[in-house]
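**Student:** Would you mind keeping the following structure in view while I ask a few things?
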Amino acid sequence: MAREPNVRENWGSRLGFILAAVGSALGLGNIWRFPGVAYENGGGAFLIPYLVALCTAGIPLLILEFTIGRRFRGSAPLAFRRLNRNTEFIGWWQVAISIVIGVYYAVIIAWAAWYAYFSLEQQWGEDPAQFLMVDFLQAGGLYDFGTWLPGLAVALALVWFATLAVIGAGVKKGIEATSKIFIPLLVVLFGALLVQSLTLDGAVDGLNAFFTPDWEAIRGPQVWLAAYAQIFFTLSVGFGIMITYGSYLKRKSDITTSAWTVGMSNSFGEILAGIAVFSVLGFLALETGVPIDEQSYQGVGLAFIAFPAIINTLPYLAGLFGVLFFVSLVVAGWASLISVVEVPVAAFEDRFGWGRRKTVMIVGGGMAVVSLILFPTVNGLMVLDVTDHFINNYGIAVAAPVAIIAVVWVLWRWKELRDDANATSAFKIGPIWFACLGVITPLALAVILFFNVQDLLTAGPDSPLADYREYQAFGWAVAGGSLAFALVMAVVLRRKEGPPAVPEEVFDDAGFVAIEKEVDL
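Going letter by letter, the sequence shown gives residues 26 to 546 in this note's numbering.
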């Protein structure tokens, strides 16, 4: 006899769901990755392939994941099991990817928290790069085990404590309530940062560098691939987050409008981040005489080297500017971390029938312990860098198209899911959605994966990918281990009784969503 599932929470309001989903998407990549990608790929002209990628891949995939979550009322493994017993491994694959990302993502938030404190008196001195790599992180190679960094460990422990406290409080009282406070706070913080950035000398030069279109660039395929890669990177799709968040939606939720709102809000935030970042890079170029194209304009180098250098040269309110920037990183990163950790917590809660607090203690606590062992160490930066490269470029890039192909082509469930989304949505989807989801999205992901592997295998000693090639045994073990974990979990649980295959509170006799008198969400 199948066991009864735990009572599933719902979002308390549409606003709460939107803010939580936007908070997941608005992570560190919006602030430190998008501006550099846009600048390298045509400047203002990059917005054309970027928006095309958003509309033809990002939004369709959001609609799919929200619909799967709501229709099957479960975390990624349970939703895929209810979709078809043989596809549960896809859900566990997404869970494994989320576990890996969550374990290393937390330490970046801890870095940002320390840098908010360092900003008050610019403790990084005249050489922010030296301070970051030698004084703060004491960075060594991947296999340089030994030294533990207690100050960083304390900050990381606090990040995990706050994250698990929110998730332990549940969907409505924890994730939704926190999102309603901290996402508006992020908007205020980043708005203040944006205004201050635009008042700097040289800001116009930075904006010209960012927005000046290179129309020739967008004729090449690499720019279009970069646009699709950015969309997949930034929308939190492909590793269970939006399926999990979708599973907490009420029955009358407007799926398509919510997907468009989340996608457009995320892109608007990225563009504003580009404006702020290149305004301050323009100022730094004016002050130092170093052209923008020779500066660190994305990733760790932008956040923890370039911005401290900029803060050093500010004529006024330098400490305030630094606090605004790094607290914005903390809030943006924390909102994303909450969503990432919710994926495995919800999965184990669903499939093993554990209570929320027990699951948070076992799963979330386990992730925290691994994070505290691996990353506040001298080799933590290299472990993070290699892990991030392989899990994003080869883990998600394989898992996402496998999920799409299974749902759309192998099981041919796209019509059912389309009808489910349309039943409660003002904006209807049809054949165009199928073409974008079933053809354009997996094709783009396949091409991106091909070039990622090719670039890695052909990387020379002076290539930015040289470290990844040197440590590829570790990287492939991480990426391949996520799939191995998924297969083991699926096999172990295949004969385990779970919640009813068709949740009665969701389906009527025709197999469509049962609409009852509920408040619109």
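Using N, Cα and C, we set each Cβ at its ideal position, and we do this for glycine too.
Since we're looking at a predicted model, the values are computed, not measured.
Given 7 Å as the limit, tell me if residue 436 has its C-beta closer than that to any heavy atom belonging to the ligand ZN.
**Tutor:** With respect to the ligand ZN, the structure offers nothing, as it holds no ligand at all.
**Student:** Alpha carbon to alpha carbon, how far is residue 251 from residue 113? Give it in angstroms, no decimals.
**Tutor:** Indexing the sequence shown from 1 puts residue 113 at position 88. Indexing the sequence shown from 1 puts residue 251 at position 226. Between residue 113 and residue 251, the C-alpha separation is close to 31 Å.
**Student:** Cβ atoms of residue 511 and residue 419: under 8 Å apart, would you say?
**Tutor:** Here residue 419 refers to the residue found at position 394 of the sequence shown. Here residue 511 refers to the residue found at position 486 of the sequence shown. Going by C-beta atoms, residue 419 is not nearer than 8 Å to residue 511.
**Student:** Using 8 Å as the cut-off, can you tell me whether the region 204-214 makes contact with the region 36-46, which would need three or more C-beta pairs spanning the two stretches below that distance?
**Tutor:** The region 204-214 vs the region 36-46: in contact.
**Student:** Thinking C-alpha only, which one of 281, 379, 402 is nearest residue 169?
**Tutor:** Against the sequence shown, residue 169 aligns to sequence position 144. Closest option to residue 169, Cα to Cα, is 402.
**Student:** Rounded to whole angstroms, what is the Cα-Cα separation between residue 1 and residue 480?
**Tutor:** Residue numbering for the chain in the displayed model covers 26 to 546; residue 1 lies beyond these limits and cannot be assessed.
**Student:** Quick one: is residue 60 buried, meaning 16 or more other Cβ sit within 10 Å of its Cβ, or exposed?
**Tutor:** Taking the sequence shown and counting its residues from 1, one reaches residue 60 at position 35. Buried is the call here.
**Student:** What does DSSP give as the partner residues of residue 402 in its beta bridges?
**Tutor:** Looking up residue 402 in the sequence shown gives position 377. Answer is 173.
**Student:** May I ask you to report which of helix, strand or coil DSSP gives residue 278?
**Tutor:** By 1-based counting over the sequence shown, the position of residue 278 is 253. It is coil, neither helix nor strand.
**Student:** Quick one: using the 10 Å Cβ neighbour count with 16 as the cut-off for buried, is residue 341 buried or exposed?
**Tutor:** The residue labelled residue 341 in the question sits at position 316 within the sequence shown. Looking at its Cβ environment, which holds fewer than 16 other Cβ atoms inside 10 Å, residue 341 is exposed.
**Student:** Under the rule that 16 or more other beta-carbon atoms within 10 Å means buried, what is residue 293, buried or exposed?
**Tutor:** As a position in the sequence shown, residue 293 is number 268, starting the count at 1. Exposed is the call here.
**Student:** Closest by CA to residue 51, which one among 359, 468, 264, 173?
**Tutor:** Position 26 of the sequence shown, counted from the first residue, corresponds to residue 51. Among 359, 468, 264, 173, the Cα nearest to that of residue 51 belongs to 359.
**Student:** Since residue 111 is in the alpha helix (DSSP H), which residue starts that stretch and which ends it?
**Tutor:** Reading the sequence shown from its first residue, position 86 is the one you call residue 111. Taken as a continuous stretch (DSSP letters only), residue 111 belongs to no alpha helix (DSSP H), as it is neither H nor E.
**Student:** In whole angstroms, what is the alpha-carbon distance linking residue 411 and residue 285?
**Tutor:** If you number the sequence shown from 1, residue 411 lands on position 386. If you number the sequence shown from 1, residue 285 lands on position 260. Each residue's alpha carbon lies about 33 Å from the other.
**Student:** Mind checking whether residue 490 and residue 426 have CB atoms under 8 Å apart?
**Tutor:** Here residue 490 refers to the residue found at position 465 of the sequence shown. Here residue 426 refers to the residue found at position 401 of the sequence shown. Cβ distance not < 8 Å, so residue 490 and residue 426 don't count as in contact.
**Student:** Do you know offhand how far residue 334's Cα is from residue 153's?
**Tutor:** Taking the first residue of the sequence shown as 1, we reach residue 334 at position 309. Taking the first residue of the sequence shown as 1, we reach residue 153 at position 128. So the two alpha carbons sit approximately 6 Å from each other.
**Student:** Between 76, 54, 82, which lies nearest to residue 133 when the distance is taken from Cα to Cα?
**Tutor:** Counted from its first residue, the sequence shown places residue 133 at position 108. Checked all of 76, 54, 82; the closest Cα to residue 133 is 54.
**Student:** Tell me the residue span of the alpha helix (DSSP H) that contains residue 435.
**Tutor:** The count along the sequence shown starts at 1 and reaches residue 435 at position 410. No alpha helix (DSSP H) contains residue 435, which DSSP labels as neither H nor E.
**Student:** If you scan the region 144-205 from start to end, which runs of the alpha helix (DSSP H) of 4 or more residues do you find wholly inside it?
**Tutor:** You should have 175-193.
**Student:** Can you tell me whether residue 457 is buried or exposed, with buried defined as 16 or more other CB within 10 angstroms of its CB?
**Tutor:** Here the question's residue 457 lines up with position 432 in the sequence shown. Its Cβ having fewer than 16 others within 10 Å, residue 457 is exposed.
**Student:** Short check: CB of residue 214 to CB of residue 349, under 8 Å?
**Tutor:** Numbered from 1 along the sequence shown, position 189 holds the residue referred to as residue 214. Numbered from 1 along the sequence shown, position 324 holds the residue referred to as residue 349. In this structure, residue 349 lies closer than 8 Å to residue 214 by Cβ.
**Student:** When you compare each of 301, 277, 92 to residue 217 by their alpha carbons, which one comes out closest?
**Tutor:** Within the sequence shown, residue 217 is the residue found at index 192, counting from 1. Comparing Cα positions, the closest option is 301.
**Student:** Using the Cβ count rule (16 or more neighbours within 10 Å means buried), how would you classify residue 475?
**Tutor:** As a working mapping, residue 475 is identified with position 450 in the sequence shown. Classification of residue 475: exposed, given that the 10 Å Cβ count is below 16.
**Student:** Our contact map puts residue 388 next to residue 365 with C-beta atoms below 8 Å; I'd like the distance itself, whole angstroms only.
**Tutor:** Your numbering for residue 388 matches position 363 in the sequence shown. Your numbering for residue 365 matches position 340 in the sequence shown. With a Cβ gap of about 12 Å, residue 388 and residue 365 do not count as contacting.
**Student:** Taking three-plus beta-carbon pairs below 8 Å as touching, is the region 303-313 in contact with the region 222-235?
**Tutor:** Output reads yes: the region 222-235 touches the region 303-313.
**Student:** Report buried or exposed for residue 516, applying the criterion of at least 16 other Cβ atoms within 10 angstroms of its Cβ.
**Tutor:** Looking up residue 516 in the sequence shown gives position 491. With fewer than 16 other Cβ atoms within 10 Å, it is exposed.
**Student:** Should residue 375 and residue 38 be called a contact, given that it needs their Cβ atoms to be closer than 8 Å?
**Tutor:** For the purposes of this step, residue 375 is identified with residue 350 of the sequence shown, where counting begins at 1. For the purposes of this step, residue 38 is identified with residue 13 of the sequence shown, where counting begins at 1. Result no, Cβ atoms of residue 375 and residue 38 do not sit closer than 8 Å.
**Student:** Under 8 Å: do the region 316-330 and the region 96-111 share three or more Cβ pairs, one atom per stretch?
**Tutor:** These segments do not touch.
**Student:** Using only the alpha-carbon positions, how far apart do residue 245 and residue 238 sit?
**Tutor:** Taking the sequence shown and counting its residues from 1, the one referred to as residue 245 is at position 220. Taking the sequence shown and counting its residues from 1, the one referred to as residue 238 is at position 213. The alpha-carbon atoms of residue 245 and residue 238 are separated by roughly 14 Å.
**Student:** For residue 405, count neighbouring C-beta atoms within 10 Å of its own C-beta (all shown protein chains included) and say buried if the count is 16 or more, exposed if not.
**Tutor:** Within the sequence shown, the letter at position 380 stands for residue 405. Residue 405 is buried by the Cβ-count criterion.
**Student:** Helix, strand or coil: how does DSSP classify residue 243 here?
**Tutor:** Position 218 of the sequence shown, counted from the first residue, corresponds to residue 243. Residue 243 falls in the helix class under three-state DSSP.
**Student:** Three-state secondary structure (DSSP) at residue 410?
**Tutor:** Walking along the sequence shown from the start, residue 410 turns up at place 385. In the structure shown, residue 410 sits in a helix (DSSP, three-state: H, G or I).
**Student:** Is the CB-CB distance between residue 373 and residue 181 below 8 Å?
**Tutor:** Counted from its first residue, the sequence shown places residue 373 at position 348. Counted from its first residue, the sequence shown places residue 181 at position 156. No; because the gap between Cβ atoms is not below 8 Å, this pair is not in contact.
**Student:** Here's the rule I'm using: 16 or more other beta-carbon atoms within 10 Å means buried, otherwise exposed. How should residue 396 be labelled?
**Tutor:** As a first step, residue 396 must be located in the sequence shown, where it is residue number 371. With 16 or more other Cβ atoms within 10 Å, it is buried.
**Student:** Mark residue 72 as exposed unless 16 or more other C-beta atoms lie within 10 angstroms of its C-beta, in which case mark it buried.
**Tutor:** Indexing the sequence shown from 1 puts residue 72 at position 47. Counting Cβ neighbours within 10 Å, residue 72 comes out buried, since at least 16 surround it.
**Student:** Smallest Cα separation from residue 261: which of 287, 282, 278, 249?
**Tutor:** Counted from its first residue, the sequence shown places residue 261 at position 236. Nearest of 287, 282, 278, 249 to residue 261, Cα basis: 287.
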